Amino acid sequence: MRKRRALGWRQPRACEYSIGVENGFNDEYFSTLGLQEKYKQAQEYHDKALTIFEKIHGEEHSKIATCSDNLGGDYWCLKQYNQAQKYRKKALDMRKNIYGEEHTDVATSYNNLGTEHCSLGQYDQAQEYHEKSLYIRIKIYGEEHAVVATSYFMLGNDHWGLGQCGQAKEYFEKALSIRKKIYGEEHAEVAKSYNTLRNLETA
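According to UniProt numbering, the stretch in the sequence shown is residues 1 to 203, in order.
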C-alpha cells in the first residue's frame, strides 16, 4: 500500500516545554510567545536563555537540555527543519548523558524527534523514535498513563503513514482504551482518538 501522511497528527508547537524561571527568563512568557505564533521572537529568547545557562552551568545541564529542546521546537515552527533536529538531538544526547536511557525527559526527546520525522513523511525513522519513547514510558509509568496513550497514538500515525492500516488501528485502539480509563468518555483526547479511528476506517 502506498505511503501516505497520517491524519490526526498535530504539528508540535514551539515552547511547550518549561525551562523554569532564572535570570529573568520566564517560561510562561516564552510559551505565550509560541502560542501566539511569534516563533522567531520565541527562538531569540530561548537562544539568549541558552547562552546564559551555558555560562552558569557549563556545557551539560538539564536546563541546557530543556532549552535546546525548546529551540528545536522554535526552529521547527519556523520551518528550519535541519536546525530543529540539530537542537532536538542535542537535547536527547545531553539528557541521556545526565539521566541515562530510562528517564521521562529522554522519552520526551524521542517522542519529539519521532513526531517531527512523521510530519516530514519519514515514517520508518518516526516509528523507531516513537517505539523507544513508548518503551521508556511504559517502564516508568506502566500502561495506563496519558503519555503512554500519546506514544501509542503516534505509533498509530507512523504505521498509517507506512500503509500498515491494521497495525495503525491496533495502536489507535490502545490509545483510546487508555484515554477512556483515565479521562472517561467525554474528553477531548478521547474524541481525538475516535475521530482518528473514523478517518482511518474511511480512508
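Using N, Cα and C, we set each Cβ at its ideal position, and we do this for glycine too. Keep in mind that this is a model prediction, so the values were computed, not measured.
- Non-local beta-carbon contacts of residue 165 in its own chain, meaning distances under 8 Å to residues more than five positions away in sequence, involve 1, 159, 200 and 203 in chain order.
- Shown here, residue 102 sits in coil according to DSSP, grouped into three states, outside any helix or strand.
- Of all alpha-carbon atoms in 175, 145, 144 and 142, the one lying nearest the alpha-carbon of residue 156 is that of 175.
- When secondary structure is reduced to three states using DSSP, residue 79 falls in the coil class, being assigned neither helix nor strand.
- Per the Cβ contact rule, the stretch 64-75 is in contact with the stretch 90-105 (3 or more Cβ pairs under 8 Å).
- If you draw a straight line from the Cα of residue 168 to the Cα of residue 153, it is about 9 Å long.
- With respect to residue 140, residue 185 sits apart: the two C-beta atoms are not nearer than 8 Å.
- For the set 170, 49 and 94, the Cα lying nearest the Cα of residue 60 is the one of 94.
- Between the alpha carbons of residue 149 and residue 106 lies a gap of roughly 17 Å.
- Leaving aside the five residues that flank residue 137 on each side, the residues in its chain whose CB is nearer than 6 Å to its CB run, in chain order, 107, 147, 148 and 151.
- DSSP places residue 155 inside the alpha helix (DSSP H), whose first and last residues are 146-161.
- Spatial neighbours of residue 142 in its own chain (CB-CB distance under 8 Å, excluding positions within 5 residues in sequence) are listed in chain order as 148.
- For the pair residue 161 and residue 123, the CB atoms are nearer than the 8 Å cut-off.
- Counting C-beta atoms within 10 angstroms of its own C-beta, residue 120 has fewer than 16 neighbours from the protein chains shown and is therefore classed as exposed.
- The stretch 157-197 contains, as complete alpha helix (DSSP H) runs of 4+ residues, the segments 165-183 (chain order).
- Each of 182, 71 and 173 was checked against the Cα of residue 145, and the nearest Cα belongs to 182.
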